[in-house]
Amino acid sequence: MGTNLFSNYGEAVSMILFGIGFGNLLLQSNLIKKIIGLNIMDTAIYLFLAEKGYIAGRVAPIVTDGVQSVEAYINPIPSGLVLTGIVVSVSVSALMLSITIRLYQRYQTLNLDEISIRLKKEGL
Amino acid sequence: MLYIILSIFFPVFAGIFLLAGKDMRNRKSLLLTVSLVLIVTTVLTILAITLMGGEMITLFNLTDRLPILFRVDELSVVFSVMVLTVSVCTGVFSFEYMKHEEKEKRYYGFFLIVLGVLLALCFSGNLITFYLFFELLTISSVPLVIHNRSREAVMAGLKYLFYSLCGAYLCLFGLYFIEQYGNTLTFSAGGVISNTAAAEHQGILLGIAFVMLIGFGVKAGMLPMHAWLPTAHPVAPAPASALLSAVIVKAGILGIIRIVYYIFGASFLRGTWVQSVWMILTLLTVFMGSMLAYREPVMKKRLAYSTVSQLSYILFGLSVMEGDSVTGGLLHVLCHSFIKAALFLCVGAVIYQTGRTKAKELRGIGKEMPMLMWCYTIVSLGLIGIPPTGGFISKWYLATGALSSGIPVFSWLGPAILLISALLTAGYLLPVALDGFFPGESFDYTSVEKKEPSAFMMAPVLILTILSVLMGLFPGHIVEYLSQIIEKIV
Amino acid sequence: MELVQNFPAVSILLCLFAGIISSGLKKKAARWINTALILAEIVLNACTLGYLLETGESYVYVMGKFPAPWGNEIRAGVLEALTALFFCVIMLLSLEGGRKKLADEVEEGKTYLYYVLADLLLSSLLALVYTNDLFTAYVFVEINTIAACGLIMIRQNGRTIEAAARYMIMSLLGSGLLLMGICMLYDLTGHLLMSNIKEQVEILYASGEYKIPLLVTIALISVGLSIKSALFPFHAWLPDAYGYSTVSSAAILSSLVSKGYIFLLIKIIYRVIGFPIFYNSRIIDMLFIFGLMGMVFGSLSAIKENDVRRMIAFSSVAQIGYIYMGIGMGTQAGMSASIFHVLSHAATKSLLFIAAIGLTDVSDGSRKFRHLTGAAYRNKWAGAAFTVGALSMVGVPLFSGFISKLLFAQAAVQNEIKMLPALIVLGISTILNAIYFMKTVIRIYTPVGGNRYDTVTFKDMKSYVAMLICFIALNVILGVSSQPVTDLIEQGLAMFS
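Residue numbers (this note's numbering), protein chains in the order written: chain A, 199 to 322; chain B, -5 to 484; chain C, 350 to 846.
Dropping the structure here:
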């Protein structure tokens, strides 16, 4: 168990980061901190994917010097997934930020709970 | 085939058209329409029950295993005749009575829908059809309860709705199990639970039977779910109360007969804890209903409590599961509906003419409306069970059935409680008649004026009274007819 | 390959292109493109369904020239086509029913964006339904989330933006877990295509290796998707999002978006993990328990609610509980009951939302119960439609709700252990349903003295009434002749494995 954990330290770190990000997204009441949490969480997943796709001693799957052998390169699919994931997480973060700006303009605060309380008072 | 479907759907659609259509030009055309629908429905139903010989008619399939099907058997005939007689009488009574209520069109619309749904309940051939129309009955009769839309009425209507829906769901709960363990949901005399299933799952099936008894018992005002009845019945307009108290509650009775004798089978339930608990509940209800009626000053409420108690007479007869007692129960179904409808109509006529609602205010009423009070007195005697009225015959059968059943304790306790309750019945019905006819020395005779209600109100009361007396004088044919049912199911 | 086999892929792409094109064209065109698009989708999916029924077999459609295990695939079976068709129909009816309200509530210049978002949403829903590739599913889950968030926010007031923020946060938590689960599955099996993963998972399971990681993966995916579909206790965002957004959005969100995720979960259970493995994982019992809790607590919150829109929203929580209870039952019958309930709830809930808006409109826009008194007299059609929806929810025979309850109960009776809790909670929840829906029905039919509010007539709202009638018809059809639909569902489930 212990040795497994140590030899896969990349995955272990990514899981810890995922937990940190998840906790932040769930528990922070400040919207910006939530978004930071979101990004940590997503990045942790990309780290996990990259770690999984990496094979020690090989290079990125870009054909250089005419080497065509599969043995020379790492698995390209996780890299592709990471790229797609980054696109998704960027757009989601952008949307969250724009919502945050809207809310800040209206209520002059980033605290979601406080906004909820203000909304209840408004009685909308 | 056609007649059954028509007799059910004609009044329902007529009712829907009345509700959805534009207001009639005047009252007369509305009444004409309603009476026309009533006549046509009567004819259709009579055709249906005379021409149909017990064949199954599938309307459509809800799912592969659950057809909506109708069938006319002897029990349907008994109940549909009762439904029709009382509905037509109360309908005619409302022609005059509803003059002083608003929104007549809505009343008649729902009245006709309820009539159609009741007929459908009588003709239902399996449990799912019965359940379907049982729900529809609740939903379509709520508008009758909350007709005047006062806060009190709406609250009573809600109470009625919740009790009934809860009851219906208890039945639905049982339906799932019966579908699993029974061979079919189709009513067949003697039950549908196979012997192997009965032996293997006896515990759970008994539990289900009990749950369903309580469920249908809600409509029939059986303890512990009776509380809605005295609240909901009195707030409706008098003819609607009559319909509710005399006919709609009988849907619960019909449901209990169907599940006990046509789904589980008397032989399965006889001698089990379900039967004992059921008997205890009915006897408690009989006693409690009479006591509460005895203490109640408002006439309509008093009659509603009386309904609670009288319905449990019927249920007691059914719970004994012996030939005579079940005959008595079925006879009492007819008697009680005629009598209770007549009583509610009498009280309604009094309210309509004088506005008096409490028993105490009715002193000297016999001088003002003698004919009506005579009818009241006769049917009261019937409800108490004094010969030669129908009530005597039905209670006689109930008591002899119980005595000969040989069930320990209950065979003598039952008749004893019925007797006590009969005394209480006399105690809460007769003083009104006595005070009405003999108001005593202190009564101011000069203020008496004749207030006899019009023919529209008088005729239904008279017809119902005569029917209840006729049943007592010539019970032979009816008992003979009922024995055909009893033979098959007990 | 036959022409019809292209239709699922075409229908997804068509939506995407329609969204892109209508954001560039004139603003008024967006509406017509959207309507035409959905009609076209209905035709395409109906053709697919017909084709599948004729051949009786599902098929896999390879996107591009790369065969499995590298390429991206679409898979069409009876269940997929049926669900897609149904989603399109509900979408059309919901959009049309809320059209007038949309014009009132959204700024003039922005309505075309609404249709763009609706197009995107439809494309992602169809992709979720049809895809055979897990990562594609994830991407479209995110597109779905973004589009849904836009639908909530398009009506600009504080409540909706706050609701959108909460919705986004919960959704992102859910999709984070889902993505993690997918990555771990990829890690365990080395595949992203559903059928290939399933083979590998079966081998893994048989060999007994990686038991805990597999369990964690199943848990991550189930929890992620149940967060996204607002299973109790993850429903905090739901009442605000459904209650304050414009009515079409509420109808679409409650009946389609959450159902899309549920459909994906069912698909993953059958096509990725395999039903027996999922059944043995005990995650199923968690779903069952949370489903039961949702049924009760959702209804209880609905009873306490004083705002009709939020009440209907809370009722959704309860209904999603029903669906998860069916999934958690662990029988084929329970699963098909859940899928039937997905359809029946979609038809009923959008009907209720659309009808409720008719009622609030004739009460000065107030959604409080005391203002709704007598609203059914002021807008007769909406009143009748609301009553039908309420009766269906309560489970009165003849309407679709009864059939789903019946199916749930029939499924429950087959599982000895879960039978009693399921049936008892079903009973309790039904009675609670009856309490708040019947209360509302009686409230809207209680006459009110004086004539404070306007009355609307048929002439003012022809298309609205037409949509209500369509919804009612859909409900009654599902309720009266449910057998063909349940047969289709069973057939589709059989094709899944």
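We treat Cβ as the ideally placed atom computed from N, Cα and C, and that holds for glycine. Note that the coordinates shown come from a computational prediction; the quantities given were computed from them, not determined experimentally.
Partner residues on chain C for residue i, Cβ-Cβ distance less than 9 Å
| i | result |
| --- | --- |
| Thr282 (chain A) | Phe484, Tyr487, Val488 |
| Leu215 (chain A) | Correct list: empty, because the minimum Cβ distance to chain C is about 11 Å. |
Beta-bridge partners of residue i, as assigned by DSSP
| i | result |
| --- | --- |
| Glu422 (chain C) | C:Val411 |
| Asp656 (chain C) | C:Lys717 |
| Ile51 (chain B) | B:Phe64 |
| Val572 (chain C) | In DSSP, Val572 (chain C) forms no bridge with anything. |
| Val292 (chain B) | B:Lys352 |
| Thr57 (chain B) | B:Leu60 |
| Tyr271 (chain A) | A:Val257 |
| Leu542 (chain C) | C:Asp482 |
| Thr180 (chain B) | B:Asn120 |
| Asn228 (chain A) | A:Asn309 |
Chain C residues whose Cβ lies nearer than 7 Å to that of residue i
| i | result |
| --- | --- |
| Pro160 (chain B) | Note that residue 160 (chain B) is Cys in the sequence shown here, rather than Pro. Neighbours of Cys160 (chain B) on chain C, chain order: Ile780. |
| Val148 (chain B) | Ile791, Thr795 |
| Ile272 (chain A) | Result: empty, since nearest Cβ-Cβ is about 14 Å, beyond 7 Å. |
Terminal residues of the beta strand (DSSP E) in which residue i lies
| i | result |
| --- | --- |
| Phe64 (chain B) | 60 to 64 |
Candidates the options, of which the one nearest residue i by Cα
| i | options | result |
| --- | --- | --- |
| Pro562 (chain C) | C:Asp536, C:Ile576, C:Leu574 | C:Asp536 |
| Leu474 (chain C) | C:Pro416, C:Leu613, C:Pro418 | C:Leu613 |
| Glu95 (chain B) | B:Gly265, B:Val136, B:Ile140 | B:Ile140 |
| Val286 (chain A) | C:Lys377, C:Asp468, C:Ala486 | C:Ala486 |
| Gln770 (chain C) | C:Ile576, C:Trp586, C:Gly530, C:Ile638 | Checking the displayed sequence, the identity of residue 770 (chain C) turns out to be Pro instead of Gln. Nearest C-alpha to Pro770 (chain C): C:Ile638. |
| Pro409 (chain B) | B:Val280, B:Ala343, B:Phe450 | B:Val280 |
| Ile510 (chain C) | A:Leu293, A:Ile275, A:Arg300 | A:Arg300 |
| Leu605 (chain C) | C:Met674, C:Tyr628, C:Phe718, C:Thr494 | C:Thr494 |
| Val797 (chain C) | B:Arg145, B:Pro447, B:Leu32 | B:Arg145 |
| Asp710 (chain C) | C:Thr697, C:Met674, C:Gly447 | C:Gly447 |
| Ala704 (chain C) | C:Thr835, C:Leu747, C:Ile793 | C:Ile793 |
| Val850 (chain C) | C:Phe751, C:Phe807, C:Asn764, C:Ala783 | Outside the shown range of chain C (350 to 846) lies residue 850 (chain C), about which nothing can therefore be said. |
| Tyr593 (chain C) | C:Phe702, C:Ser556, C:Val666 | C:Phe702 |
| Asn120 (chain B) | B:Leu41, B:Leu63, B:Phe4 | B:Leu63 |
| Arg350 (chain B) | B:Leu0, B:Leu69, B:Val426, B:Asp17 | B:Val426 |
Within chain A, partners of residue i - CB distance below 9 Å
| i | result |
| --- | --- |
| Gly368 (chain C) | The contacting residues do not exist; Gly368 (chain C) stays about 15 Å from chain A at best. |
Extent of the continuous alpha helix (DSSP H) run through residue i
| i | result |
| --- | --- |
| Thr432 (chain C) | 427 to 446 |
| Asp438 (chain B) | Element bounds for Asp438 (chain B): n/a, residue is neither H nor E. |
| Glu320 (chain A) | 310 to 320 |
| Lys445 (chain B) | Taken as a continuous stretch (DSSP letters only), Lys445 (chain B) belongs to no alpha helix (DSSP H), as it is neither H nor E. |
| Gly373 (chain C) | 356 to 373 |
| Trp406 (chain B) | 404 to 431 |
| Pro833 (chain C) | 832 to 845 |
| His694 (chain C) | 681 to 710 |
| Trp586 (chain C) | Segment: none, Trp586 (chain C) is in no alpha helix (DSSP H) and carries neither H nor E. |
| Ser188 (chain B) | First-last for Ser188 (chain B): undefined, no H or E at that position. |
| Asn142 (chain B) | That residue, Asn142 (chain B), is in no alpha helix (DSSP H); it is neither H nor E in DSSP. |
| His471 (chain B) | 470 to 483 |
Neighbouring residues, chain A, relative to residue i (Cβ below 8 Å)
| i | result |
| --- | --- |
| Glu511 (chain C) | Leu301, Leu310, Ile313, Ser314, Leu317 |
| Ile495 (chain C) | Ser289, Val290, Leu293 |
Residue i at chain F interface by Cβ criterion, 7 Å
| i | result |
| --- | --- |
| Lys231 (chain A) | Reference to chain F is not applicable here, since the protein chains of this structure are A, B and C. |
Interface partners of residue i on chain A, CB under 7 Å
| i | result |
| --- | --- |
| Asp536 (chain C) | Lys250 |
| Ile518 (chain C) | Leu223, Lys232 |
Per-residue contacts from residue i into chain C (C-beta, under 8 Å)
| i | result |
| --- | --- |
| Leu63 (chain B) | Near Leu63 (chain B) there are no residues of chain C at all, since even the closest Cβ is about 14 Å away, more than 8 Å. |
Partners in chain B for residue i, counting only beta-carbon separations shorter than 7 Å
| i | result |
| --- | --- |
| Val645 (chain C) | Near Val645 (chain C) there are no residues of chain B at all, since even the closest Cβ is about 15 Å away, more than 7 Å. |
Checklist entry - Should the stretch 216 to 223 of chain B be regarded as contacting the stretch 152 to 166 of chain B, the criterion being three or more beta carbon pairs within less than 8 Å? => result The count of Cβ pairs closer than 8 Å, one atom from the stretch 216 to 223 of chain B and one from the stretch 152 to 166 of chain B, reaches three, so the stretches are in contact.
Item to check | Inter-stretch contact at 8 Å, needing at least 3 Cβ pairs: the stretch 388 to 402 of chain B / the stretch 296 to 306 of chain B | outcome: no
Next on the checklist: When you compare the stretch 801 to 810 of chain C with the stretch 717 to 733 of chain C, are there three or more beta-carbon pairs, one atom per stretch, that lie closer than 8 Å?
Outcome noted: yes
Checklist entry - Are the stretch 103 to 117 of chain B and the stretch 357 to 366 of chain B touching by the rule of at least three beta carbon pairs closer than 8 Å? => result no
Checklist entry - Touch check for the stretch 712 to 724 of chain C and the stretch 836 to 845 of chain C: three-plus C-beta pairs under 8 Å? => result no
Checklist entry - Per the contact definition of three or more C-beta pairs closer than 8 Å, is the stretch 270 to 279 of chain A in contact with the stretch 302 to 322 of chain A? => result Under the three-pair Cβ rule at 8 Å, the stretch 302 to 322 of chain A does not count as touching the stretch 270 to 279 of chain A.
Checklist entry - Counting Cβ pairs, one atom from each stretch, are 3 or more of them under 8 Å apart for the stretch 577 to 587 of chain C and the stretch 426 to 444 of chain C? => result no
Checklist entry - Are there three or more Cβ pairs, one per stretch, closer than 8 Å when the stretch 740 to 760 of chain C is compared with the stretch 777 to 795 of chain C? => result Judged by Cβ distances under 8 Å, the stretch 740 to 760 of chain C makes contact with the stretch 777 to 795 of chain C, as three or more pairs qualify.
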